[in-house]
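For the sequence shown, position 60 (counting from the first letter as 1) is numbered 60 according to the numbering used here, and the numbering increases by one without interruption.
The beta-carbon is built from N, C-alpha and C at its ideal position, and this holds for glycine as well.
Remember, predicted model here, so these are calculated numbers, not experimental data.
Note sheet for the following structure.
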Amino acid sequence: MSYILLLVGFIALIKGADYFIDGASSIALYLKITPLIIGLTIVAFGTSAPELAVSITSALQGQNAMSLGNVIGSNIFNFMVVVGASAVIFPLTVQDGVLSKEFPIAIVSTIIVAILGMDWVFSKEGALSRNDGIILLVFFSMFILYLIQVAIKAYKNNEPVDDINLLPLNKSIIFAICGAIGIFIGGDLVVNNSVKIALDLGMSERMVGLTIIAVGTSLPELVTSITAARKGESDIALGNVLGSSIFNTFLILGVSTSINPINVNQEVFIDLFFMLDATLIAYIFATTSRKIKRTEGILLLIGYFSYMTYIIFR
């Protein structure tokens, strides 16, 4: 029964986020908010809603290890499976701006988390404290300011802005409310039933976060990037992964750590190293001929399954 409820939770999270984005974006248009700002706020936050809901719920319930595992596992899945699968379908052309800005930001965000959690070097058990969470949120605010500057520059250069579908106001409100409820219920179902499954299988909370929850909450990114790759839209496929990973590290980990500090030991630090490693490998592949090739995509997928094998048997 726990597996069925877990699946229902994932569906509620993903569909709830979709409905919330549609409803809230439409309401914002009625309030005369520009599509540019909507894309940077409501849509960006909405696509990270599944991970955010799960991490906040687990932090409030004291399941700190699951919260951290969710972020690390999601980022590793994004760079190895989402990028890898997308590249296998259609080689991803990489723009200079992505190589010089977004990729380095994603790499730096992981390094910052590793540095903040290095207390374990001086003692057996370290932690990401509430102060560390606030620091991550400050970096997230800086990232949002950067996005706004990029968007304003693109707007001035008459680059196209995604259209927002205007729904009837009553339908918009219903979508936003139902979407928010779906996210809340889905997050609760995922966390509670993941804990039950972990106990039944003898798995740790962090292991569940690194595997089951990470894969489930990253499915929207996988679908979006594969769809974009099939259409030859490499910018969307890569931008989706990079944006999601930076949001995960700065926003989601920042919020959950601010709610409840997270213990960090040597084993967790190894997982953080794998997260950094996944980002660096994708970056190195991207720098070769400004393209992530099919063979490189296959290597990323092999790398992910090798990591899964390692954490299962360690």
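The beta-carbon distance between isoleucine 56 and isoleucine 259, rounded to whole angstroms, is 7 Å. This is short enough to meet the 8 Å contact definition. Around the beta carbon of phenylalanine 79, 16 or more other beta carbons lie within 10 angstroms, which makes this residue buried. A direct Cα-Cα distance of roughly 38 Å separates leucine 128 from isoleucine 174. Taking a contact as a CB-CB distance under 8 Å, the pair serine 234 and leucine 92 counts as one, their CB atoms being some 4 Å apart. Relative to the Cα of alanine 229, the nearest Cα in the group Asp18, Ile89 and Gly202 belongs to Ile89. Counted as a single uninterrupted DSSP element, the beta strand (DSSP E) harbouring isoleucine 262 occupies residues 262-264. Nearest to leucine 52 by C-alpha distance, out of Val191, Leu147 and Asp271, is Val191. When rounded, the separation of the alpha-carbon atoms in phenylalanine 103 and isoleucine 302 is 21 Å.
Measuring C-alpha to C-alpha distances from serine 67 to each of Asn265, Ile281, Leu222 and Met207 identifies Met207 as the nearest. In this structure, glycine 179 and tyrosine 19 form a Cβ contact; the two beta carbons are roughly 3 Å apart against a cut-off of 8 Å. Nearest to valine 81 by alpha-carbon distance, out of Ile312, Ile298, Thr309 and Arg314, is Ile298. Assigned with DSSP and collapsed to three states, lysine 291 falls in strand. In the three-state scheme derived from DSSP, where H, G and I count as helix and E and B as strand, leucine 52 is classed as helix.
At the C-beta level, glycine 216 and phenylalanine 10 come within 7 Å of one another. In the three-state scheme derived from DSSP, where H, G and I count as helix and E and B as strand, leucine 167 is classed as coil. Excluding five sequence positions before and after alanine 114, the CB atoms of its chain that fall closer than 6 Å to its own CB belong to Leu272, given in chain order. Exclusion of the five residues before and after leucine 166 leaves Ser26 and Leu29 as the residues of its chain whose Cβ lies within less than 6 Å of its Cβ.
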